[in-house]
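The structure appears below as structure tokens.
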Amino acid sequence: MTQTKRHRVLAGVALLGTAAMLAACSIQIKSAPDPSIPADTMLVAADNGSPLFERNFNPYMANKRTATFYMYEPLVILDNVTGEEHPWLATGYDVSDPSTVVFTIRQGVTWSDGEKFTPEDVAYTLQMLKDFPANDTQGVWGFIDSVDSDATTVTIHLKEPNVPAAQLIATTLIVPEHIWKDVKDPTTFRNPDPVGTGPYVLGNFAAQQYTLDKNEDYWQADKVAAEHIILPATNTQLDVATKGYDWAYSFISDVDEAWVGAGNENSYWFPPGGTIALFPNLTKAPFNDLNLRQGLSLSLDRKAVGDAAAEGYMQPAGQTNILLPYQQDLLDPSIPDSGLITKDDATALQYFEAAGYTQQGDQLVDASGKQLTITITTANGYNDWLKGVQEVQKEWGALGIEVKVDTPQPAAYQLALRNGDYDLAMGGTGGTGSLFRDFNSLLSSSYLKPAGEEATNNFERYDNPEADAILDQFKEATDAQTQLELGYELQNIVYNDLPVISLYYGGSWGLVSNAKFTGWPSEDDPYASPKTYESTPLLVLTHLKAVKND
Amino acid sequence: MTSTTAAPRGVEGKSRSVAEDVPLRTQGSGRAARNALYILRKLGLFVLTLWAAVTVNFILPRLMPGTPADAALAKLAQNGPVSDATKAAIEAQLGVPTGNIFEQYVTYLHQVITLDFGVSYTFYPQTVSELVSTALPYTLVLVGVVTIIAFILGTLLGVLAAWKRGTWLDTLPTLSGSFASAFPYFWTALLLLFFAGYVWRLFPTSGAYGPTATPNLSFGFLGDALYHAFLPALTILITSLGGWILGMRNTMISTIGDDYVTFAEANGLKPRVVALRYAARNAILPNLTSFGLALGGVVGGSILVERVFGYPGVGYLLFNAVTNQDYPLMQALFLMITLSVLVANFLVDILYGVLDPRTRR
Chain R
1 MTQTKRHRVL
11 AGVALLGTAA
21 MLAACSIQIK
31 SAPDPSIPAD
41 TMLVAADNGS
51 PLFERNFNPY
61 MANKRTATFY
71 MYEPLVILDN
81 VTGEEHPWLA
91 TGYDVSDPST
101 VVFTIRQGVT
111 WSDGEKFTPE
121 DVAYTLQMLK
131 DFPANDTQGV
141 WGFIDSVDSD
151 ATTVTIHLKE
161 PNVPAAQLIA
171 TTLIVPEHIW
181 KDVKDPTTFR
191 NPDPVGTGPY
201 VLGNFAAQQY
211 TLDKNEDYWQ
221 ADKVAAEHII
231 LPATNTQLDV
241 ATKGYDWAYS
251 FISDVDEAWV
261 GAGNENSYWF
271 PPGGTIALFP
281 NLTKAPFNDL
291 NLRQGLSLSL
301 DRKAVGDAAA
311 EGYMQPAGQT
321 NILLPYQQDL
331 LDPSIPDSGL
341 ITKDDATALQ
351 YFEAAGYTQQ
361 GDQLVDASGK
371 QLTITITTAN
381 GYNDWLKGVQ
391 EVQKEWGALG
401 IEVKVDTPQP
411 AAYQLALRNG
421 DYDLAMGGTG
431 GTGSLFRDFN
441 SLLSSSYLKP
451 AGEEATNNFE
461 RYDNPEADAI
471 LDQFKEATDA
481 QTQLELGYEL
491 QNIVYNDLPV
501 ISLYYGGSWG
511 LVSNAKFTGW
521 PSEDDPYASP
531 KTYESTPLLV
541 LTHLKAVKND
Chain W
551 MTSTTAAPRG
561 VEGKSRSVAE
571 DVPLRTQGSG
581 RAARNALYIL
591 RKLGLFVLTL
601 WAAVTVNFIL
611 PRLMPGTPAD
621 AALAKLAQNG
631 PVSDATKAAI
641 EAQLGVPTGN
651 IFEQYVTYLH
661 QVITLDFGVS
671 YTFYPQTVSE
681 LVSTALPYTL
691 VLVGVVTIIA
701 FILGTLLGVL
711 AAWKRGTWLD
721 TLPTLSGSFA
731 SAFPYFWTAL
741 LLLFFAGYVW
751 RLFPTSGAYG
761 PTATPNLSFG
771 FLGDALYHAF
781 LPALTILITS
791 LGGWILGMRN
801 TMISTIGDDY
811 VTFAEANGLK
821 PRVVALRYAA
831 RNAILPNLTS
841 FGLALGGVVG
851 GSILVERVFG
861 YPGVGYLLFN
871 AVTNQDYPLM
881 QALFLMITLS
891 VLVANFLVDI
901 LYGVLDPRTR
911 R
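Going down the list, the sequences are from chains R and W. Reminder that position 21 of the first sequence reads as 21 in this note's numbering, one-by-one numbering, no gaps. Here this note's numbering = 1-based position in the second sequence + 550.
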């Protein structure tokens, strides 16, 4: 018996020792790049397998490999951080007639199999999207009536005047007619051996990692610095921090310590990629009352909400649906303080009073003495949103509003949002890079659906003929100055009428290493979004310089 | 009890030898009939449970709010507004369920019988059978082999602990076993991953084989696969070993107290023979039941471990299916899991009937 006891004690001591050892290990993660990866090769966390990769390079499929975007190019690249357009496979386009778009197609571009790229390919691609609507993920045929092409141009006749639609059509990825015309069903075609016009071609493909090789015949091959790109299927945050990645798109908690602190000349840039806002259900009382929305808006400390949600990396958002500071040019200068609302409880209480709510004890109550109770719906698992909502809950709670938080699964959250089945819901707005689209999807009554039916946009169900009229004018406005002024008017509507209550900017989480390549988009050189998917990476990949030239 | 057993035992033996000719035969055919009835009854129960499971499997995913297209759109909407057309295109690609609930049920039953579960929503255009057949071997090998190892090792350690009760051979495995099995799976997994994978860099941190390897049956690849399976296997072993040790030890201790063990010892049999062939053999029955169930559960994989180690097995697939509301994939996987547990249960029932005649009554 005594022996047993002694052994128990010994075992206990051993366990304590192990625990102490674990506790003593405070570990600073260091990045240690794999020495077998040469200096001209880029390791990118852009594509996550689930957990394996499927060999799918069909540009129109949701489950395509991310690198499809590095192989197929659009006519024009629209950068969503700056809102700037970059002519790409088209050297430019003309919409002097708001119902006709004429794209001038770039000459001297070849497909990666050596065939010549022609306007025919563009016309074919658009026709294919018409024949197979499941591939038309941007819905360009909602605007197009017919397509003509000649030796140098592609002319698109629109169903009705719609200048902003040109931009949308221009971002369609173009595929080669000589290959795709023989594909029986382009909606299920997995395109295992992609042939594109882009800077990279497929190297080795394996289920856990694939590589890209530089397309030596690329039309701007001299601008492409990385000879090879490696895309692993698993890119956990620990992988990204320790394995010497050159480029990743991910929010890492405490990024200064975990990413920059890991060495390898790591840096980051988190420009705004959209506005995170509270969507009030405008079909429901009391949220249809502007006074109440003013009260809610004025009683929020947006900086505190943004800090709670994004650890202080994101700025509070102005009430204009414009991404600052990179889209400053689009902002109406007459809006005070760039649209940023400062917390002002006294004025908020005046608005609440105008809406019929007064403070009684520590509660904000209506005429019958019932406390104002609001439920905020946010998606389960979106921790940043939840942390932001909890801050909102705290601040409104201090005024005597009871705030409940509902966190359904993402699919159920999406359904509640679309069906108008909520009081206030967290959501993202703006950030498409197109001023028109940012406001159209937020304000246009063309998306209106009665509560209970699915709306695809305008989830708050905003209905204002004035906004519709401005949006209609925008569709016909061909000169930049008119567009700018119409943009001002739309911002003022959002600012004054509060169809949504903006909170903070959602980040574009760009993590880069300057060890092998420099010239990444950054605060000092904000030429493109740092994201690794969609077409903006083409801007980055043709902008980088190799550190070592041997 | 002990005092009366000595005398009637001789009588029993005598009566049995007397009745050896004719009565034994009728008793034998009666036993066969009873056996057949027992198996038939179990089989009927099995079929009924199977039908219920298949039906529940049909209903459950449909009770979840939102459609798969909503789940896909929720993901897209995190990056910005989603247009009308995108929604229509995604719905066209995914093929949202059509027909009323009864038509869907009939289609579903037909699919179950023909093992055709259609196209996965999440991994469109891959088919469900394509996905499952890629994932299944990894899980069967990883979780299956480790479950067998854990059962054998745990049971042997349990026997040892019970036999050497009170010594360090008892304390150490029992204490550390119960300690380790109290850890959550994922915690052990994360700890192993962090230290052995990232800090000491002894083992790969994810995947079932090296990034550039292609699966084949060469020794090089198998070695690589074993190397990658080591940490996940160790996690499962650490967390499941304790259960087997404790289960075996506790039944074994009560068996050791039984008369026939004392009798065997008194007869001068070697301690090892007594421990293994007398005590352990009887004590293993409950552990065997759990082993059957554990084997049935192997098909479901080990979701957390596979998730943490990025192991491309069924558990990871199930995780993806559930988070993306992938009905076809979910149904196929749940059905597979239910079926294997039911079959394992059925086999254990039958085996029990053979091992312990009392259960047949």
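We put the beta carbon where it would ideally sit given N, CA and C, even for glycine.
In its own chain, which residues sit with a C-beta less than 7 Å from the C-beta of residue i, not counting the 5 before and 5 after it?
i, result
"W/Tyr688", "Ala758, Tyr861, Pro862, Gly863"
"R/Asp34", "Lys243, Gly244"
"R/Ala123", "Val147, Ser149, Val154"
"W/Val561", "Reliability of the predicted coordinates at W/Val561 is poor, the pLDDT of 37 falling under 50, and no value is obtained from them."
"W/Thr705", "Trp794, Met798, Ile834, Asn837"
"R/Thr211", "Gly203, Asn204, His228, Ile229, Ile230"
With a Cβ-Cβ cutoff of 7 Å, do residue i and residue j count as a contact?
i, j, result
"W/Ser795", "W/Pro723", "First, the amino acid is wrong: residue 795 of chain W is Ile here, not Ser. The answer is yes: Cβ separation under 7 Å."
"R/Pro176", "R/Phe436", "no"
"R/Ala467", "R/Gly420", "no"
"R/Lys223", "R/Thr478", "no"
"R/Ser529", "R/Ser508", "yes"
"R/Ala354", "R/Asn291", "yes"
"R/Val109", "R/Val101", "no"
"R/Asn135", "R/Thr187", "yes"
"R/Ala304", "R/Phe53", "no"
"R/Gly49", "R/Ser112", "no"
"W/Leu781", "W/Phe753", "yes"
At the level of alpha carbons, what is the spacing between residue i and residue j?
i, j, result
"R/Ala39", "R/Asp423", "54 Å"
"W/Ala763", "W/Phe769", "12 Å"
"W/Val572", "W/Tyr902", "Reliability fails at W/Val572, whose pLDDT of 43 lies under 50, so the model's placement of it is uncertain and the value that follows must be treated cautiously. Each residue's Cα considered, the two are about 29 Å apart."
"R/Leu22", "W/Phe733", "Annotation note: pLDDT 48 at R/Leu22 (below 50); position unreliable, no value reported."
"R/Phe270", "R/Thr377", "26 Å"
"R/Asn496", "R/Leu300", "16 Å"
"W/Ala829", "W/Met802", "6 Å"
"W/Leu767", "W/Leu740", "30 Å"
So the beta strand (DSSP E) residue i belongs to, where does it begin and stop?
i, result
"R/Gln220", "Taken as a continuous stretch (DSSP letters only), R/Gln220 belongs to no beta strand (DSSP E), as it is neither H nor E."
"R/Ala379", "Here R/Ala379 belongs to no beta strand (DSSP E), and DSSP marks it neither H nor E."
"R/Gly356", "Careful: R/Gly356 lies outside any beta strand (DSSP E) and carries neither H nor E."
"R/Phe205", "200-206"
"R/Trp269", "266-269"
"R/Phe103", "100-105"
"R/His228", "228-232"
"R/Asp94", "90-94"
"R/Leu503", "501-507"
Please go through the same chain and pick out, in chain order, the residues whose beta-carbon is closer than 8 Å to the beta-carbon of residue i, but skip the five residues on each side of it.
i, result
"W/Gln661", "Phe667, Gly668"
"W/Thr576", "Unreliable placement is indicated for W/Thr576, whose pLDDT of 48 sits below 50; no coordinate value is reported for it."
"R/Gly431", "Asn80, Pro272, Gly273, Gly274, Thr275, Leu323, Asp438, Gly506"
"W/Thr599", "Leu892"
"R/Cys25", "Only weak support exists for where R/Cys25 lies, its pLDDT of 47 falling under 50; the value from the coordinates is given anyway. Within the same chain, R/Cys25 has no close Cβ partners at all."
"W/Val872", "Met880"
For residue i, which residues in the same chain have their Cβ closer than 6 Å to its Cβ, ignoring the five residues on either side in sequence?
i, result
"R/Leu409", "Sequence inspection shows Gln at residue 409 of chain R; the Leu mentioned does not correspond to that position. For R/Gln409, where only same-chain residues beyond five positions count, the Cβ hits under 6 Å are Asn380."
"R/Phe279", "Ala425, Gly427, Phe459, Glu460, Val500"
"W/Ala779", "Leu692"
"W/Met886", "Val849"
"R/Glu476", "Pro98, Pro161"
"R/Asp217", "Thr110"
message: Against chain W, which members of the region 176-203 of chain R pass a CB distance test of less than 8 Å?
response: When CB distances to chain W are screened at a threshold of 8 Å, the residues of the region 176-203 of chain R falling below it are Thr187, Thr188, Arg190, in chain order.
- prompt: For the region 239-256 of chain R, which residues have a CB atom closer than 8 Å to at least one CB atom of chain W, in sequence order?
  reply: Asp239, Thr242
query: When Cβ atoms are compared, which residues of the region 29-58 of chain R fall closer than 9 Å to chain W?
result: Ile29, Ala32, Gly49, Ser50, Pro51, Leu52, Glu54, Asn56, Asn58
Where the region 278-301 of chain R meets chain W: residues whose CB sits under 9 Å from a CB there: none
query: Between the region 407-429 of chain R and chain W, which residues of the former have CB atoms less than 9 Å from a CB of the latter, in chain order?
result: Pro408, Gln409, Pro410, Ala411, Ala412, Tyr413, Gln414, Leu415, Ala416, Leu417, Arg418, Gly427, Gly428, Thr429
- prompt: Any residues in the region 62-73 of chain R with a beta carbon nearer than 7 Å to a beta carbon of chain W? Which ones, in chain order?
  reply: Ala62, Asn63
message: Short of 9 Å Cβ to Cβ, which residues in the region 734-764 of chain W face chain R?
response: Against chain R - using a Cβ distance shorter than 9 Å - the residues of the region 734-764 of chain W are Leu741, Leu743, Phe744, Phe745, Gly747, Tyr748, Val749, Arg751, Thr755, Ser756, Gly757, Ala758, Tyr759, Gly760, Pro761, Thr762, Ala763, Thr764.
query: Mind listing which residues of the region 655-685 of chain W have their C-beta closer than 8 Å to chain R's C-betas, in chain order?
result: Cβ proximity to chain R below 8 Å picks out Thr672, Phe673, Tyr674, Pro675, Gln676, Thr684 from the region 655-685 of chain W.
Residues of the region 469-486 of chain R whose Cβ lies closer than 7 Å to any Cβ of chain W, in chain order: none
- request: Select from the region 866-885 of chain W all residues with a C-beta closer than 9 Å to any C-beta belonging to chain R, and list them in chain order.
  value: The region 866-885 of chain W vs chain R, Cβ under 9 Å: Tyr866, Leu867, Asn870, Thr873, Asn874, Gln875.
- request: Can you give me, in chain order, the residues of the region 136-162 of chain R that have a beta carbon less than 7 Å from any beta carbon in chain W?
  value: Taking 7 Å as the upper bound on Cβ-Cβ separation, chain W lies near residues Asp136, Thr137, Gln138, Gly139, Gly142 of the region 136-162 of chain R.
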